[in-house]
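A quick write-up on the structure given underneath.
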């Protein structure tokens, strides 16, 4: 299996040439204070070294060992504690954090590249800094000044880590039925009691303290999601001077035996009157949690890209080295017993499909991160509101579409290896197992599709969708005179028109039959994602075509050829998806439960 190498060249291309991120950062004063092109490049370079040199070598052994549970204590796999210290020493946990409390204040467009490297190198490990960053986002946005000052500096430094406690044995998607309770104390704290499951890195030995953000219900809280509050519950209580006090009243009851990401601890957490503090307003816990959800769900989409990139690197190397049969057009390497399998059209199909999704997906994740930066940092309210709308619309697409295609790419990479892909030592089967969870956690992909179709498109009567459609329309108009882009623009315009028509169809059909939303949602998300990636590839063509002439490296010419493959072989899938959506919900809902 190829050693993972951070795709720095492509990341720089996406940031600097496709999106001109430095110009975006310069337009956002609070971002411009903290980053410039030289700083960003240094961060990418160092992150690449950590990903390839520190984390990737631990990935397979961590999968073999797994985290270990013993009487409530969890030990991370060998090397994880030392790797975590490397992250701590570099301040990487606080890369996107608030500088007021010790964070580095880097924009999401840059942080997204760091996240991809870490997740592509070692997803099980990468979940630890990812969950800490998510907890910090919620605390920074909603906690009191006192809680921020007390907890954020040590969380940004990585001395303390974070965990998010949402799911319960009976309550996953429907958090409104959680049973965890929070009883108020006279000193302003609360006693939290209940059981949470699937808590990633809820217990471990890598950090001095673990700060849990726990969803719970106050006495006499309204029923359903409107009665949920959010509480900060530390593993060790923190004294007024910042030192650690006694152990809080909760523990890890067990860790799960899982299909993948075995190096990470997925914990059952039992809270027994644990002391916690309210984050945000009473009964507004879901709103506080969703502050970080847009970032975390994009982060999970990025996990899909990272795993797919690792799979592509190995599959490409294997296809260059493995010799089997002769090329259809005749021997390419007659001095050998056979040709490398990369000469065969079907192997090319697989590798080009992977490359199309990985590189287009990387551009799309950066595109979404760009809107997150504008929504957070723009000083102009109209610009900020517009970005917030784009984030709301695009987040479920980023999470669901990128992880679906990420798993597709990992399975395809495994297929390139043939029988060897099924064998442990080559690493491809681990990537398939690890990537599979990305479609499930942080909101299963079917739920993401319902969110896109129901809450974002139908509930807004198409207004949120129009933000994206207009952005593409602006690009088409601005580049209408670009002859090199013309073939791509024509196909992109046709794809957007199909998406427009299908959107209008579902808006009308769902007004008569609410089943139409759920029936269309997954196909609609795929269709939206394929169209969005066509938009990204058009942007890539625009950037690459300017430098393709005389390109001896093959980098820019390779972009143009991959774009052509995407538009010829993958974008046409939107046609069949549109037909399926238009068929409606009748055939789906007609069978009785006994007939399924």
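Numbering (UniProt numbering), first residue to last: 1 to 596.
We put the beta carbon where it would ideally sit given N, CA and C, even for glycine.
Here the structure is a predicted model, which means the values were calculated and not measured.
Rounded to whole angstroms, the gap between the alpha carbons of residue 76 and residue 265 is 8 Å. Per DSSP, residue 579 is one residue of the alpha helix (DSSP H) stretching across 573-582. Approximately 25 Å separates the beta-carbon atoms of residue 401 and residue 9; this is outside 8 Å, ruling out the contact. Its chain contains 22, 25 as the residues whose beta carbon lies nearer than 8 Å to that of residue 36, once the 5 sequence neighbours on both sides are disregarded; these appear in chain order. Contact annotation: residue 168 and residue 197 have beta-carbon atoms nearer than 8 Å. Under a 10 Å Cβ-count criterion, residue 439 is classified as buried, with 16 or more other Cβ atoms of the shown protein chains found around its own Cβ. Exclusion of the five residues before and after residue 454 leaves 517 as the residues of its chain whose Cβ lies within less than 6 Å of its Cβ. Following the DSSP letters along the chain, one finds residue 360 inside the alpha helix (DSSP H) bounded by residues 345-377. Residue 596 is positioned such that its CB atom lies no closer than 8 Å to that of residue 563.
For residue 286, the closest of 50, 302, 217 by C-alpha to C-alpha distance is 217. In the DSSP assignment, residue 196 falls within the unbroken beta strand (DSSP E) covering 190-200. Here residue 140 carries a helix assignment [DSSP, helix/strand/coil].
Ranked by how close their Cα comes to the Cα of residue 212, the residues 254, 566, 192 have 192 in first place. The segment 97-106 makes no contact with the segment 406-414; the number of CB pairs closer than 8 Å stays below 3. Residue 236 is bridged by DSSP to 247.
Counting every other CB atom within 10 Å of its CB across the protein chains shown gives residue 140 a total of 16 or more, marking it as buried. Pairing residue 194 with residue 271 gives a Cβ-Cβ distance under 8 Å. Using a Cβ distance threshold of 8 Å, residue 341 and residue 123 do not count as a contacting pair.
Rounded to whole angstroms, the gap between the alpha carbons of residue 178 and residue 232 is 17 Å. Excluding five sequence positions before and after residue 273, the CB atoms of its chain that fall closer than 6 Å to its own CB belong to 191, 193, 249, given in chain order. If you check the CB distance, residue 252 and residue 208 do not come in under 8 Å. Cβ-Cβ distances below 8 Å link residue 73 to 203, 205, 252 in the same chain, with the five nearest sequence neighbours on each side left out; the list follows chain order.
Per DSSP, residue 98 lies in no alpha helix (DSSP H) and is assigned neither H nor E. Between residue 538 and residue 364 the beta-carbon gap is near 12 Å, outside 8 Å, which marks them as no contact.
A Cβ-Cβ separation of about 7 Å places residue 386 in contact with residue 467 under the 8 Å criterion. Within the same chain, Cβ atoms closer than 7 Å to the Cβ of residue 522 are found at 446, 449, the five residues on either side in sequence being excluded. The shortest CA-to-CA distance from residue 346 to any of 64, 458, 324 is the one to 324.
Our two residues, residue 368 and residue 501, have alpha carbons roughly 24 Å apart in a direct line.
Note that the C-beta distance between residue 492 and residue 465 is not below 8 Å.
The beta carbons of residue 142 and residue 291 sit closer together than 8 Å. Rounded to whole angstroms, residue 418 and residue 120 show a C-alpha spacing of 22 Å. In its chain, beyond the 5 residues on either side, 127, 128, 131, 161, 163, 264, 265 have a beta carbon closer than 7 Å to the beta carbon of residue 201.
With a threshold of 16 other beta carbon atoms within 10 Å, residue 188 falls short and is exposed.
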